[in-house]
Amino acid sequence: MGAFGNSAYGARGRLVKFSYIVTALISILFSISCICYGIWLLARRSQYAELVSPSLYVDVGRILVIISILSIANYLICFYAIFKEMRCIVTSCAVASIVIAVMLIIGGLIGLNFRDQLTHYTPLNLKMLTSLRELYGTHDMKGITESWDALQSNFKCCGVNGTDDAQIWKTSKWYMHQKAPKALIPDCIPSEIEECRTNPFGSATPPYYTKTCYEPLQNDLLHVMNVASWLCITNAIVQIIPSIASCWYSRLIRK
């Protein structure tokens with residue numbers, strides 16, 4: 105009776121099995137939320153990667169999606185192995201969960217490092233200023249052009265920061281290379297495009313977005329990366345409990 109109690113068929117075995125199923129289902133739900141957030145991050149923020157290079161935040165989004173998918177696949181295999189009492193595969197899945205947790209922690213640390221670099225070391229305003237003046241509108245830098253167009257349209261902003269506001273477009277290569285009549289600003293308020301082509305800076309009510317783009321972009325990326333980083337780390341912690349339960353259950357299987 106004692107031997108039976110210490111097997112997968114005893115009370116302890118059933119409790120461990122039930123604990124694994126519950127914690128694994130919770131982890132799967134959490135992984136699904138990580139996949140959704142990662143997909144949203146890649147779909148809605150990756151277009152600014154050219155302005156922030158190196159774009160580690162995009163890599164964190166990919167880690168969230170890919171590793172979370174691998175995590176769910178690992179749980180499904182482990183469910184099958186547990187119900188079939190395949191001891192070797194259950195143990196392998198427990199080890200795989202630990203490896204997945206380590207990879208998620210690495211993703212979280214990359215995200216936190218990106219936030220620290222963006223806050224203290226990365227001269228994002230200078231990068232934006234250089235890309236606007238020197239690279240916007242050039243044939244071999246379509247990514248920069250698309251990033252700036254998306255940024256100004258989505259954040260309803262114009263220019264970089266401070267005194268480098270909308271008027272900075274007059275000093276850009278994009279403006280200099282145009283043929284007359286020249287557009288002074290590439291992305292205006294949609295209903296005021298004609299005024300943008302004539303004298304946008306002499307108007308009492310500017311026909312362009314007056315808010316500059318540096319601070320909105322930086323604050324948005326800091327917030328997005330904070331959420332992504334802690335999702336990675338929390339998902340890694342959530343992985344540990346079912347991995348311990350599956351490892352324990354594999355020791356109770358007598359096959």
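Take the sequence shown: its position 238, counting from 1, is numbered 342 in this note's numbering, and each next residue is one higher. The beta-carbon is built from N, C-alpha and C at its ideal position, and this holds for glycine as well. Quick caveat: nothing in here was measured; it's all calculated off a predicted structure.
At the level of alpha carbons, what is the spacing between residue i and residue j?
{"i": "F259", "j": "C317", "result": "7 Å"}
{"i": "C76", "j": "S354", "result": "This structure does not reach residue 76, given that the chain is present from 105 up to 359, and the question cannot be answered."}
{"i": "G241", "j": "K283", "result": "13 Å"}
{"i": "S276", "j": "Y141", "result": "36 Å"}
{"i": "L119", "j": "V126", "result": "11 Å"}
{"i": "H224", "j": "L216", "result": "12 Å"}
{"i": "K121", "j": "V162", "result": "37 Å"}
{"i": "T400", "j": "F187", "result": "Only positions 105 to 359 of the chain appear in this structure, which leaves residue 400 out of reach."}
{"i": "V203", "j": "I143", "result": "22 Å"}
Does DSSP classify residue i as helix, strand or coil?
{"i": "D268", "result": "strand"}
{"i": "H281", "result": "coil"}
{"i": "H224", "result": "helix"}
{"i": "G372", "result": "Past the edges of the chain, shown from 105 to 359, lies residue 372, and the structure says nothing about it."}
{"i": "D244", "result": "coil"}
{"i": "T314", "result": "coil"}
{"i": "S295", "result": "For S295, the predicted structure reports a pLDDT of 47, less than 50, and the residue's modelled location is therefore unreliable. A value from the coordinates is still provided. It is helical."}
{"i": "E189", "result": "coil"}
{"i": "I337", "result": "helix"}
What do you reckon, are the CB atoms on residue i and residue j nearer than 7 Å?
{"i": "M232", "j": "L155", "result": "yes"}
{"i": "Q343", "j": "A254", "result": "no"}
{"i": "L325", "j": "G117", "result": "no"}
{"i": "A332", "j": "V164", "result": "yes"}
{"i": "C261", "j": "Y313", "result": "yes"}
{"i": "P346", "j": "Y124", "result": "yes"}
Comparing alpha-carbon positions, which option in the options lies nearest residue i?
{"i": "S150", "options": "G247, S137, A270, R118", "result": "G247"}
{"i": "L222", "options": "M329, S350, I357, L356", "result": "M329"}
{"i": "Y197", "options": "A128, F122, N323", "result": "This sequence places Cys at residue 197; Tyr is not what is there. When each option's Cα is compared against that of C197, the closest is A128."}
{"i": "N178", "options": "V199, A147, F187, K188", "result": "V199"}
{"i": "Y173", "options": "L236, L230, S201, I210", "result": "In the sequence on display, residue 173 carries Ile and not Tyr. The option with the nearest alpha carbon to I173 is S201."}
{"i": "I176", "options": "N229, T226, S135, I272", "result": "S135"}
{"i": "D244", "options": "P320, I130, W278, K274", "result": "W278"}
{"i": "L228", "options": "I209, Y152, S137, C138", "result": "Y152"}
Could you tell me whether any Cβ in chain D is nearer than 7 Å to the Cβ of residue i?
{"i": "D163", "result": "No chain D appears in this structure, which consists of one protein chain only."}
State whether the stretch 168 to 179 contacts the stretch 334 to 349, with contact taken as three or more CB pairs (one from each stretch) at a distance under 8 Å. yes
Okay, do the stretch 193 to 205 and the stretch 172 to 185 touch, 3+ Cβ pairs below 8 Å being the bar? yes
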